[in-house]
Amino acid sequence: MRSPDFDQDLTPWTDPGFFRREEPVRSVFRLIWQQFRPPRGHRLVPTFSGFVLLTMGIALVVAAYTTANNIIFLCLALMAATFTVGAALAFWNFQGLRWRISGPPALRVGEAASLFLEVANDKRMIPTHAVLAHLKMPGADLPTLSLPSRLGPGETMSLPFVCTPLKRGLLEVELRELTTEFPFGFLRKTVAGNSRREFIVWPGRLPYQFNRARRALSLSGGQRTRRRGAGAELLQLRAYRAGDSPRMLHWKASARVGTLLVRENAEDTRERYALWFDPAAATWTRPADFEQACRFAATLAEDLFRAGNLTGAAVGGGPVRPFRRVSDLALFFDDLARVMPATPPPPAPFFAGSPTLLRFGPGPGGSITLYADEQPAGSA
Amino acid sequence: MSNPQVRPDSGFLAQFAGVNGSLIAFICVAALFHLQAQVLLHALVGSLLVLVALAFPQLPWRTPTALQTWGGGLVLGLAFFDFLLNGSNLLPPMLRMVVHLLLLRVWQPRRPREDLQLLLLCVVVLLISGVLSLSLGFAFHLILFCPLVMAQLVAINLRSALGREARETLPSHFSWPHFTARLRSSLDWRMLPLVGVVFLMTAGMAFLVFTLLPRVNFDSNFSFLHMPAGSLSGFTEEVRYGSVSKIMESDSIAFVADFSDKKPPQNPYWRMIVLDRYHYPDKEAVAEKLGAFKLSETAKSVQVRENAQLDSIGLDVFGPLKPGNMWHIYLTPGNSRYLPFPGRGKPLTFSNSFKYFYHNPVNVIALDSPSSSVMGLQYSNAAIVDRFFWSPDDHQLEEGGKVKKVGQNVFEGFPVNPSDLEKNLKKYPFSTLEYPDDPASENILKRILAEIAARPEMAQAGSDPHSTLWAQAAVAYLHEKHTYSLGSVIPKGDADLLCRWLDSDQPGHCELFAGAFTLLARRQGYPCRMIGGYQGGVLSDADTNPYISVRNRHAHAWCEIFGKNTDPKSTVGGFFWFRVDPTGGRVAPTELASDSATTSSLETSQNTFSDRFDGLRVMWYRYIVNFDNVSRESMAKTAKERWTNLSNSFQAWLVSFKDSLLDWVRRPWDLSKVGPLGGLAALLSVFLILMRFWRRGWRPSFWPKPESRHDPIRRHASRLLAELRELPSDPTRDQLTEVMQELRFGDGSLSPRAQSFFGEARHYLRQARRRK
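Chains as they are written, first to last, in this note's numbering: chain E, 199 to 578; chain Y, 30 to 801.
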């Protein structure tokens, strides 16, 4: 399974650091040294079956030396050989393997997101089997991932896992270690994951009330914007460009000037809002209210942007972000994800075009009140 | 790249573990057939049950829950009573218990944990059968067992790694065609050589560990590890008419003899049982006058020993012993409780712990019962001898008096007290004078003795011939009158069977020849005893590591006659039991079956399948069963010698090559000398150029381009891809990486333009290196 192309080259790959083809001589010496002093996080310990086998081996040693029977010595030798070859193959199972964590650029609090552990096998001939990946994230358990089948030479496999962040901010997902009991299950080989990925977690959504009707009355309705749109009013004529819809051709004008002209209409009149999240510590005395306000701001900004009513937004004393495309919303969410109560209070930003300024304040009983041009307009 | 859809899933792994587990269990239960003991019935029934489970793998998944719950308790309860009933020997009940547990596991639905338990039980069963039997068959079972167990462990491990659900889920159905098709499609055939290498690596490492493990011989082995068995072939202490020829009908191996000095005897007589008495064992035998030779009770005056070496067997009266000469004799299980004895050798050691008896009057070694495992004996300074020095018991033959019974005043100068003879005829050594004294038999014996006495050889001896001279004449007489054949028709009559044969001109086999000779010698007054054993064998590897395989068809009977040593060359005087082989057509009579026979009685190996199998058997005995510190030192010494030889030969070759090269260079240069050199260089250049094209994917039009990863285009793309991955990301690098990935893993549509892409990639990599 391949992961969606979120950010293929943003996260570097990690490998066990056994052997690098570009420096073979040093790698051989490092490999030998690692047998005596394994790198941090690398372990080779017997499993329960391995302990049973070791106990059986000790019993066989006693029996062999007591009876001087070569058949027991032979079985003992086979057992020791199986153990040793098992250890070598477990080591080789990780050779040429590399991995990284990938996922969407941002997550939202309370919403399940699919992340991926990408595992690639760079070996030329030998597949990798039965590798378990142990992931870790603060405040929640993550499943142990396993390769569903062998990972052939040159293949890459993405192991999906679901993560539900519990709080906004930066979330670090770490691949703690990879283990394998391949091939015989007597030894567990562990290598350090050494792979972590930070995801930004946007505030989650919440239900709210926003009294638009009341605000609409107070607005200067019927204003036209100078922005191009699908409204009825003609904004201007311009020369035809490839890809323009034929329905937009202004035939009369085209006939008059002898070249094709198309209509450009103005956008219809609508409500225009600007959103400012004020993180002043003096305003937000309770952390819960602050978090609630962040969620309210995020939810409202998303809804207004989708309705095309949001012209800009700012968090604290940060830059005013004009909202033209989805990435503007994402940047605002990023700001909301990182914002902390601030002292002293930041100055209010200036929004061009005199939109209705929306801001938030603590309300009664742990609620959050929305103010439009300093008038209460909703709550959450 | 292989198709992910055919990769083994948990259901298939469970099916594989089920089938493979049953197969492993069958191999282990079948190994019990090597134990000729109380578990044979279990081996038979167990094998059948496991075979049924193997043929219908879905049946164990439907086992009643009650059996799964209570089965273990039931088996342990049965085992408790079994131990109570067989308290004297704990091994058979223990083995039966393990087999019951194994069968229970085979017939239960198995998850990975139960699969591992089954493997553990299989190991125990196989190990016990190997330890007790020591047979080559065990080696074959082990060779089959190891790869299957490795595959099983891998399957269990893969199934466990797929998670708890995969571990706990059992397949709902099974069909052999579907399973085999799935198995074929799941196997990555390209991996098979690699798997073979891993297996060889494991075997090599096991060999290394086995060789390097130090051996300590405490000489305090557990007799616990000895399971008695019944005698299936070989000699018993009573040999009736036809017993030896019955043994000869079998071609199975009786024992194998290995010689450390690499000098096998040319005419070996492997002495196993000495039969001093001749009697009619029951009424039927009396009625039919069918006598039997047996070892008398008095000859069994024994030394019973356990866990120790015999001090000596035989006396060193035949010259100095050759130090370091060691004979190893390996008896197959259930052969006989009597052990082959070459005639001289000391000390005698056993590779296992056994309670044994040494019947010193007749120099016979016996176990308390036939061994169920391969029995290893060692004789140091061993040799086949054709005579035995008399034992203290034989001195009774010297005491005074007349031998009234046989009507002779004196034989060989040993007057025997007649009262002792009458009284003690059933006791050793007087039992060596026992013969049928009914008138009919007596008449025949007297007549034939008279004929022997009238022979020209006896005329030279005068009125008092010594026993060996008489034996020569008697053997010559028998050879003249009777030919050798395994089939003979003995005429009816009142006399003893052997006497009737003597009186006839029927051919006969070794039993008839030896028996008749014994009776004639005794009637003549010479103490004589019949010997049962083996003669000859098949000599293999005569030039390198000779060994003799003795089969049951080499079973033989001969005699030992008591007499004074008259050999002028011998420095030892006194009385001996001389070996006489009266059987016609086997050994020249004049040599009296001496080991100094000019012609070898050994068959040579014909390199048949059977001989090769024997060779394997000997290797198994030499390098596994009998491997000890001495063997290890010997192996190290041999390895060192071979390495030194190799090194010396290589050095010599180098010097010779250098000389010839210098000689070639110094000779005048002309066209005939330069031509081949230039041709060789041209060929090499063409080869290198072709190789370069080949690596870049060029093929003649008739040569199809390979689709696999071994396609040079894919390989080259893989190399470039690996180098590109190491560089930091930029648009060109990313674009080239995508193209290389397409060339490496794609469907080959870009292959026609591969060279141009490779060129771009190489150019980019060169630039990147310069920037560094």
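Note that CB positions come from ideal geometry on N, CA and C, so glycine has one too. Every value quoted in this text rests on a predicted model; they were computed, and no experiment measured them.
Boundaries (first-last residue) of the alpha helix (DSSP H) holding residue i
i               : result
M277 of chain E : 268–292
W400 of chain E : Per DSSP, W400 of chain E belongs to no alpha helix (DSSP H); it is in the beta strand (DSSP E), 385–400.
P122 of chain Y : 120–135
S578 of chain Y : Segment 576–580 is the beta strand (DSSP E) holding S578 of chain Y; no alpha helix (DSSP H) there.
Y457 of chain Y : Looking at the DSSP string, Y457 of chain Y is not in any alpha helix (DSSP H), and its letter there is neither H nor E.
W99 of chain Y  : 94–114
N594 of chain Y : Counting along the chain, N594 of chain Y falls outside any alpha helix (DSSP H), and DSSP gives it neither H nor E.
is_contact[residue i, chain Y] using C-beta, thresh 9 Å
i               : result
T212 of chain E : no
I324 of chain E : yes
M254 of chain E : yes
R348 of chain E : yes
T378 of chain E : yes
H327 of chain E : yes
G352 of chain E : yes
P520 of chain E : no
I269 of chain E : yes
F384 of chain E : yes
D207 of chain E : Because the pLDDT at D207 of chain E is just 47, under 50, the model does not fix this residue reliably, and the point stays unresolved.
L272 of chain E : yes
G381 of chain E : For the record, residue 381 of chain E in the displayed sequence is Pro; it is not Gly. So yes, P381 of chain E belongs to the interface.
S247 of chain E : yes
P344 of chain E : Per the sequence presented here, residue 344 of chain E reads as Ser, with Pro not at that position. For S344 of chain E, the answer is yes, since a Cβ of chain Y falls inside 9 Å of its Cβ.
M283 of chain E : The question names Met, yet the displayed sequence has Val at residue 283 of chain E. So yes, V283 of chain E belongs to the interface.
L287 of chain E : yes
Nearest-angstrom Cα separation, counted from residue j out to residue i
i               : j               : result
D144 of chain Y : I185 of chain Y : 7 Å
L107 of chain Y : L229 of chain Y : 42 Å
S533 of chain Y : A524 of chain Y : 12 Å
P390 of chain Y : S325 of chain Y : 11 Å
A681 of chain Y : D692 of chain Y : 16 Å
I324 of chain E : S214 of chain Y : 18 Å
A540 of chain E : P477 of chain E : 6 Å
V243 of chain E : Q764 of chain Y : 44 Å
L187 of chain Y : A288 of chain E : 13 Å
A314 of chain Y : L527 of chain Y : 13 Å
Q573 of chain E : S312 of chain E : 41 Å
P18 of chain Y  : L645 of chain Y : Past the boundaries of the shown model lies residue 18 of chain Y; chain Y is included only from 30 to 801, so the question cannot be answered.
P520 of chain E : T554 of chain E : 14 Å
R454 of chain E : H448 of chain E : 10 Å
Any chain E beta carbon closer than 9 Å to residue i
i               : result
D217 of chain Y : yes
T231 of chain Y : yes
S747 of chain Y : yes
A82 of chain Y  : no
A46 of chain Y  : no
V58 of chain Y  : no
Run of the beta strand (DSSP E) containing residue i, from where it starts to where it stops
i               : result
P697 of chain Y : First-last for P697 of chain Y: undefined, no H or E at that position.
L376 of chain E : 367–378
Q573 of chain E : 573–577
I653 of chain Y : Taken as a continuous stretch (DSSP letters only), I653 of chain Y belongs to no beta strand (DSSP E), as it is neither H nor E.
V393 of chain Y : 393–396
Exercise for the section: Take every Cβ of the segment 570–577 of chain Y, pair it with every Cβ of the segment 465–479 of chain Y, and state whether three or more of those distances are shorter than 8 Å. Expected result: no
Handout entry: Runs of alpha helix (DSSP H) lying entirely within the segment 517–560 of chain Y, each at least 4 residues, in chain order
Key = 526–532, 539–553
Problem - Stretch pair the segment 636–654 of chain Y + the segment 399–416 of chain Y: three plus CB contacts closer than 8 Å - result: Cβ pair count under 8 Å is three or more, so yes.
Practice task
Take every Cβ of the segment 577–588 of chain Y, pair it with every Cβ of the segment 547–562 of chain Y, and state whether three or more of those distances are shorter than 8 Å.
Solution key: Yes, since at least three Cβ pairs between the segment 577–588 of chain Y and the segment 547–562 of chain Y fall closer than 8 Å, the two stretches touch.
Problem - Inter-stretch contact (C-beta, 8 Å, three-pair minimum) for the segment 190–200 of chain Y and the segment 38–47 of chain Y - result: yes
Problem - Touching by the beta-carbon criterion (3+ pairs, under 8 Å), the segment 344–363 of chain E and the segment 243–263 of chain E - result: no
Handout entry: At least 3 beta-carbon pairs within less than 8 Å: the segment 263–278 of chain Y vs the segment 317–324 of chain Y
Key = yes
Practice task
Take every Cβ of the segment 501–511 of chain Y, pair it with every Cβ of the segment 543–552 of chain Y, and state whether three or more of those distances are shorter than 8 Å.
Solution key: A contact exists between the segment 501–511 of chain Y and the segment 543–552 of chain Y.
Handout entry: Length-filtered (4 minimum) alpha helix (DSSP H) runs lying within the segment 437–496 of chain E
Key = 449–455
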